[in-house]
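**Student:** There's a structure below that I have some questions on.
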Amino acid sequence: TVGHTGSVAVSVANGLKAGLSNLAYATILSDTLRSLFESIGLDVPRVVCLVLITVLAILPLCMLKNLHVLAPFSICGTAGVMVTAVAMAIRYFDGSYQEGGQYYDQIDAVYQPDFGTRDDSWSIGILPFVCMVYESYVMHYNSPRFYTELKDRSLPRFGIAVGSSFSLAAVLYMAIASFGFLTFGGNSSGFILNNYSPHDPLATICRLCIGLAVLTAYPIVFFGVRDSVLDVFEVPQINQTPNKLNALTFAILGILTFTAVFVTDLGLINAVGGGLVATAVCFAFPTIMLASAVRQKLNGCGDKSDQRQTVASILVTIFGMAVGISGVYTALSKAFARP
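Following the numbering used here from start to finish, the sequence shown increments by one per residue and tops out at 1679.
Next up, the structure:
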């Protein structure tokens, strides 16, 4: 419905979105490994942790040819996120990180709880968080692969899988975000586990769980980056040989890892990815496709129902894009304003 140029734009946006997700995962994994080393008394630089996790774990996983082998580990990863939510709830209710608590003095001042007295509920400062929410539900780039590899696939079964997955994700997102902010307030880190002491056994368990969850998600998202590159350059299926795919995997992973050395702010990565790329994928492209499809269908005929649907979609798109761009501007302004 959008022609060759439009299809290339969609592939580019999907590739960027997946790439930003991989960048965020690399940040999480390197920070997690560094904290785990600290828990056993070793001070290992973040860059060294990034290289270790990339060479020893991420690269072998990204060399996989399909997602089937990751299914059991993905389930374990999801269970690990649930364990993390429960552990964060325990630490909130037992007050271990409040002033005078067991772990309060074991964390840096920038991570200690900070609750102000102003009401900023209507501040534009909330917009980067909205962009992160946009980011949270974008898996469009892998939808065809998920559908193809679904057992006994059909559209109703696919709908059940998507609906149940998104519902579970929403519950976990709300639980972790709520308990993290209620515990640490304004000093909540973009990667909330950075707020917890490396000597907290519950936090160590959480880091192991989140590390497993993110590690198994990395190759799934990475395939989205690689597939988008293949789509943009229109590489025929017959030319996608194992050797060429492996070479492309090395190249893309090298670029992502090199970028992760310098880009370390997880909140900024998610805000920019959500505000710029996710809004295009979630709002702009579907509306453009709908308008084009309706125009082709009508061919000059006046179907008011289709026209109303198109107008409503355009209005929602304008609102979503405006919020996204404003959120990115706010996030970048805060990032550059830091000393």
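C-beta atoms are modelled at their ideal positions from N, C-alpha and C, and glycine is treated no differently. Small disclaimer: the values here were computed from a predicted structure and weren't measured.
(1) Using the Cα positions of F1573 and G1664, report the straight-line distance between them to the nearest angstrom.
(2) Alpha carbon to alpha carbon, how far is Q1442 from N1354? Give it in angstroms, no decimals.
(3) CA-CA distance, R1374 and A1652?
(4) I'd like the list of long-range same chain contacts for D1454, defined as Cβ closer than 8 Å, with 5 residues on each side in sequence excluded.
(5) Hey, how far is the Cα of I1609 from the Cα of V1603?
(6) Select from G1359, R1648, V1423 and S1379 the residue whose C-alpha is nearest the C-alpha of L1552.
(7) Determine the closest residue to I1393 out of S1463, S1483 and T1367, with distance taken between C-alpha atoms.
(8) Leaving aside the five residues before and after L1596 along the sequence, list all residues of the same chain whose C-beta is less than 7 Å from its C-beta, in chain order.
(9) How about K1357 and A1675: are their beta carbons less than 8 Å apart?
(10) In chain order, which continuous runs of the beta strand (DSSP E) of length 3 or greater are located wholly inside the segment 1454 to 1525?
(11) Which one of V1384, L1382, I1380 and I1415 has the shortest CA to CA distance from Y1557?
(12) DSSP state of E1439, grouped into three classes?
(13) Below 8 Å, can you find three or more Cβ-Cβ pairs linking the segment 1425 to 1437 to the segment 1513 to 1520?
(14) Please report the Cβ distance between F1625 and V1350, rounded to the nearest whole angstrom; I am assuming they are in contact, meaning their Cβ atoms lie under 8 Å.
(15) Using the rule of at least 16 other Cβ atoms within 10 Å of the residue's Cβ for burial, across every protein chain shown, is M1514 buried or exposed?
(16) Please classify A1543 as buried or exposed, where buried requires at least 16 neighbouring CB atoms within 10 angstroms.
(17) What are the boundary residues of the alpha helix (DSSP H) that includes G1607?
**Tutor:** In terms of the structure at hand:
(1) Sequence index remark: in the sequence shown, residue 1573 carries index 233 (1-based). Sequence index remark: in the sequence shown, residue 1664 carries index 324 (1-based). In a straight line, the C-alpha of F1573 is about 29 Å away from that of G1664.
(2) Looking up residue 1354 in the sequence shown gives position 14. Looking up residue 1442 in the sequence shown gives position 102. Their Cα atoms are separated by approximately 45 Å.
(3) Taking the first residue of the sequence shown as position 1, residue 1374 is located at position 34. Taking the first residue of the sequence shown as position 1, residue 1652 is located at position 312. Approximately 48 Å between the Cα atoms of the pair.
(4) Start at 1 with the first residue of the sequence shown, and residue 1454 comes out as number 114. Only F1524, G1525, G1526 and N1527 meet the Cβ criterion.
(5) As a position in the sequence shown, residue 1609 is number 269, starting the count at 1. As a position in the sequence shown, residue 1603 is number 263, starting the count at 1. Each residue's Cα considered, the two are about 8 Å apart.
(6) Taking the first residue of the sequence shown as position 1, residue 1552 is located at position 212. It is V1423.
(7) Counted from its first residue, the sequence shown places residue 1393 at position 53. Closest option to I1393, Cα to Cα, is T1367.
(8) Mapped onto the sequence shown, residue 1596 falls at position 256. Excluding positions up to five away in sequence, the list reads G1359, N1362, L1363 and A1366.
(9) To locate residue 1357, count along the sequence shown from 1; it is residue 17. To locate residue 1675, count along the sequence shown from 1; it is residue 335. Against a cut-off of 8 Å, the Cβ pair of A1675 and K1357 comes out as no contact.
(10) none
(11) The residue you call residue 1557 lines up with position 217 of the sequence shown. In the sequence as presented, Tyr is not what sits at residue 1557; that position holds Ala. If we check each option's Cα against that of A1557, I1415 comes out closest.
(12) By 1-based counting over the sequence shown, the position of residue 1439 is 99. E1439: coil per DSSP, three-state reduction.
(13) yes
(14) Your numbering for residue 1625 matches position 285 in the sequence shown. Your numbering for residue 1350 matches position 10 in the sequence shown. Their Cβ separation, rounded to whole angstroms, is 6 Å, which keeps F1625 and V1350 in contact under 8 Å.
(15) The count along the sequence shown starts at 1 and reaches residue 1514 at position 174. With fewer than 16 Cβ atoms within 10 Å of its Cβ, M1514 is classed as exposed.
(16) On the sequence shown, position 203 is the one that residue 1543 refers to. It is buried - the Cβ of A1543 has at least 16 other Cβ atoms within 10 Å.
(17) Taking the first residue of the sequence shown as 1, we reach residue 1607 at position 267. Taken as a continuous stretch (DSSP letters only), the alpha helix (DSSP H) holding G1607 covers L1606 to V1612.
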